[in-house]
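In the UniProt record's numbering, the protein residues as written are 1 to 78.
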């Protein structure tokens with residue numbers, strides 16, 4: 001897919017220099033930068049999910065403490 005993107009002159013100059021040094025094209029550098037940004041964003045979203053149950057009103061510090069507390073309930077029979 002082709003996309004039209006407006007860049008500042010300074011950005012184009014830097015991309016041109018990097019492309020010459022790396023023996024690649026500006027388009028390849030832009031694709032690489034977008035891939036890196038998308039991967040970083042994906043990791044941020046994934047990391048934001050960790051600990052999601054922490055605000056569930058449970059006073060446990062870690063998963064093992066929670067597991068032990070749940071199993072302890074099995075010992076209490078009416």
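Ideal Cβ placement from N, Cα and C applies to all residues, glycine included.
Just tell me which of the options has its CA closest to the CA of residue i.
i: residue 31; options: 67, 65, 3, 69; result: 3
Check whether the Cβ atoms of residue i and residue j sit closer than 9 Å, and answer yes or no.
i: residue 25; j: residue 17; result: no
i: residue 15; j: residue 29; result: yes
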